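> In this note's numbering, the protein residues as written are 7 to 459. I'd like to ask some things about the structure below.
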Ligand code: TYD
Ligand code: MG
């Protein structure tokens with residue numbers, strides 16, 4: 007007979023302890039350990055194990071023919087998945103409540119079902135009628151898109167086995183509930199067990215599965231950090247509250263590049279793809295204003311032009327403020343130190359704010375030169391030519407180092423009509439054939455300053 011055992015599980019990271027602790031030793035969160043009863047597995051997940059009882063085969067003889075990708079037709083969505091959906095893959099999508107996860111998947115499922123696939127949308131949060139109302143707003147019309155309002159894992163598995171859909175979404179994993187565990191829905195034990203069973207089912211039957219997960223206040227996927235290892239792809243759907251655009255970002259992808267992003271805009275009739283994000287991010291740029299520069303950041307395979315803004319103003323604090331949004335704080339501190347030392351600028355009594363317009367995050371050394379130039383431009387109250395794009399990594403000695411994929415970035419800048427690009431000398435030597443924009447190769451901050459100010 008199954009024997010019940012009491013354990014204490016951290017609701018943040020899934021750490022388990024035989025006795026109660028005030029602070030989780032794994033993730034250092036306070037008061038996250040909650041008592042849970044686990045039934046000793048008298049009947050381990052019998053038929054639900056990954057793989058079949060095959061013997062090992064030579065790698066050259068394993069067929070990958072069935073791995074053909076399924077395209078939804080929503081370009082931004084397909085690209086983030088690595089060029090379409092891989093059959094049998096499990097994708098976890100996290101995001102703040104209300105950001106548009108349910109909307110995105112309903113639209114994607116609508117597109118997939120119009121291509122003839124049977125899609126099953128399982129919601130534990132909304133009733134069938136509520137989903138229908140949303141679908142009407144989005145103009146979803148497809149008899150191949152099935153809606154199920156259900157939270158019980160056992161009944162979900164039963165339905166999936168009966169209907170045999172090609173893709174399924176669970177909205178959200180925090181509402182899943184298995185009766186084999188006595189703990190409440192949403193607790194870490196329930197989330198792990200239920201999602202685990204779904205993942206195993208997906209792998210076994212070649213069913214592509216999306217799992218929607220809520221995000222905690224500190225931005226990590228609530229509870230199922232353990233899940234991140236079990237799924238193939240982890241996507242985050244992000245966006246600023248006040249802004250209409252949303253970014254779908256891959257943080258783990260077994261079938262494609264990570265850091266790939268898809269940009270959408272939330273409209274009256276749902277999410278719309280933004281095929282040229284650079285245009286969007288630069289649309290409200292003030293021209294001839296000190297502290298504003300344009301840089302080009304590679305997001306996965308795609309170059310995106312964004313506006314970096316810096317504001318430098320005299321500080322009245324003992325320790326001046328350094329605030330960064332969208333760029334790494336320590337990177338900015340380092341670059342400010344290089345600027346002070348190499349260009350003899352005194353910033354110790356200045357507050358410095360650096361922001362990436364539009365709520366985008368850039369974390370690439372190629373935007374270093376842009377950050378330094380924006381800070382210097384704001385401090386000196388001298389605007390930088392709005393037709394210029396800056397590229398380059400800045401070293402501690404004030405040298406400008408070469409960057410990767412310079413040509414792709416130049417192409418994007420040329421496409422949007424930028425006239426000039428300041429870039430590392432090593433890159434400009436290799437790109438002599440590029441006519442537009444005009445190239446200005448620099449090897450040190452001094453050379454760059456001669457051009458800019
Ligand atoms: P939703 O998909 O329910 O978010 P999540 O599942 O991540 O919690 O999105 C809800 C928000 O999207 C809500 O604030 C309204 C907005 N929205 C639109 O602006 N246009 C639309 O067509 C739809 C369906 C939603
Ligand atoms: Mg939702």
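Ideal Cβ placement from N, Cα and C applies to all residues, glycine included. As the structure is a prediction and not an experimental result, all values here were calculated from the model.
Verify the contact flag: residue 105, CB atom, against every heavy atom of the ligand TYD, threshold strictly below 8 Å.
Counting from 1 along the chain shown, the entry for residue 105 is found at position 99. For the ligand TYD, at least one heavy atom lies less than 8 Å from the Cβ of residue 105.
> Return the first residue and the last residue of the beta strand (DSSP E) that residue 242 is part of.
The sequence position of residue 242 within the chain shown is 236, counting from 1. Segment 239-244, the beta strand (DSSP E) holding residue 242.
> Given residue 189, which residues of its chain have a CB within under 6 Å of its CB, disregarding the five upstream and five downstream residues?
Counting from one through the chain shown, the residue named residue 189 turns up at place 183. Once the five neighbours on either side are set aside, the close Cβ partners of residue 189 are 42, 195 and 196.
> Compute the minimum distance between the beta carbon of residue 179 and the heavy atoms of the ligand TYD, and state whether it is under 8 Å.
Position 173 of the chain shown, counted from the start, is the residue given in the question as residue 179. Checking every heavy atom of the ligand TYD against the Cβ of residue 179, none is found closer than 8 Å.
> CA-CA distance, residue 400 and residue 181?
Start at 1 with the first residue of the chain shown, and residue 400 comes out as number 394. Start at 1 with the first residue of the chain shown, and residue 181 comes out as number 175. So the alpha carbons of these two residues sit roughly 48 Å apart.
> In terms of residue numbering, what span does the alpha helix (DSSP H) encompassing residue 135 cover?
Against the chain shown, residue 135 aligns to sequence position 129. Counting along the chain, the alpha helix (DSSP H) containing residue 135 begins and ends at 134-144.
> Curious, which full-length beta strand (DSSP E) runs of at least 3 residues does the region 230-302 contain?
Segments of the beta strand (DSSP E) lying fully in the region 230-302: 239-244, 251-259, 267-273 and 276-279.
> Which runs of the beta strand (DSSP E), 3 residues or longer, sit entirely within the region 338-368?
For the region 338-368, whole beta strand (DSSP E) runs of length 3 or above, ordered along the chain, are 356-362.
> For residue 374, does the three-state DSSP call read helix, strand or coil?
Sequence index remark: in the chain shown, residue 374 carries index 368 (1-based). Looking at residue 374 - three-state DSSP - the assignment turns out to be helix.
> Which residue wins for smallest C-alpha separation from residue 145, given the options 167, 443, 157 and 112?
Indexing the chain shown from 1 puts residue 145 at position 139. Looking at the Cα atoms, 112 is the closest of the given residues.
> Can you tell which of 85, 261 and 142 has the C-alpha that lies nearest to the C-alpha of residue 274?
Position 268 of the chain shown, counted from the first residue, corresponds to residue 274. Minimum Cα distance to residue 274 is reached at 142.
> To the nearest angstrom, how far is the alpha carbon of residue 381 from that of residue 18?
Indexing the chain shown from 1 puts residue 381 at position 375. Indexing the chain shown from 1 puts residue 18 at position 12. C-alpha separation (whole angstroms): 39 Å.
> Is the closest heavy atom of the ligand MG to the C-beta of residue 218 under 8 Å?
Residue numbering aside, residue 218 sits at position 212 when the chain shown is read from its first letter. Because some heavy atom of the ligand MG lies under 8 Å away, the Cβ of residue 218 counts as near it: yes.
> For residue 428, which three-state DSSP category applies?
Sequence index remark: in the chain shown, residue 428 carries index 422 (1-based). It is a strand residue.
> Residue 76 and residue 123 - do their beta-carbons sit closer together than 9 Å?
Taking the first residue of the chain shown as position 1, residue 123 is located at position 117. Taking the first residue of the chain shown as position 1, residue 76 is located at position 70. Closer than 9 Å, so yes.
> Report, in whole angstroms, the separation of the C-beta atoms of residue 310 and residue 86, which I expect to be a contact under 8 Å.
As a working mapping, residue 310 is identified with position 304 in the chain shown. As a working mapping, residue 86 is identified with position 80 in the chain shown. Actually they do not touch by this definition, with Cβ atoms about 14 Å apart.
> Using DSSP with H/G/I as helix, E/B as strand and the rest coil, what is residue 455?
By 1-based counting over the chain shown, the position of residue 455 is 449. Note: residue 455 maps to helix in three-state DSSP.
> How is residue 333 classed by DSSP in three states: helix, strand or coil?
Position 327 of the chain shown, counted from the first residue, corresponds to residue 333. In the structure shown, residue 333 sits in coil (DSSP, three-state: anything other than H, G, I, E or B).
> By alpha-carbon positions, which one of 66, 168 and 418 ends up nearest to residue 304?
The residue given as residue 304 occupies position 298 in the chain shown. It is 418 whose Cα lies nearest to the Cα of residue 304.
> Residue 201 to residue 22, Cα distance in whole Å?
The sequence position of residue 201 within the chain shown is 195, counting from 1. The sequence position of residue 22 within the chain shown is 16, counting from 1. Answer to the nearest angstrom: the Cα atoms are 18 Å apart.
> Assuming residue 252 and residue 239 form a contact by the criterion Cβ under 8 Å, report the distance between their Cβ atoms to the nearest whole angstrom.
By 1-based counting over the chain shown, the position of residue 252 is 246. By 1-based counting over the chain shown, the position of residue 239 is 233. The pair is not a contact, with the Cβ atoms about 18 Å apart (cut-off 8 Å).
> Enumerate in chain order the residues of its own chain whose CB-to-CB distance from residue 393 is below 7 Å, with the five nearest sequence positions on each side excluded.
The residue you call residue 393 lines up with position 387 of the chain shown. Here the set comprises 424, 425 and 426.
> Which stretch, first to last residue, makes up the alpha helix (DSSP H) that contains residue 394?
By one-based count along the chain shown, residue 394 stands at place 388. Element bounds for residue 394: not the alpha helix (DSSP H) but the beta strand (DSSP E), 394-396.
> Quick one: what does DSSP say residue 410 is sitting in, helix, strand or coil?
Your numbering for residue 410 matches position 404 in the chain shown. Residue 410: coil per DSSP, three-state reduction.
> By the 10 Å Cβ neighbour count, where 16 or more other Cβ atoms means buried, how is residue 175 classified, buried or exposed?
For the purposes of this step, residue 175 is taken as residue 169 along the chain shown, with counting starting at 1. With 16 or more other Cβ atoms within 10 Å, it is buried.
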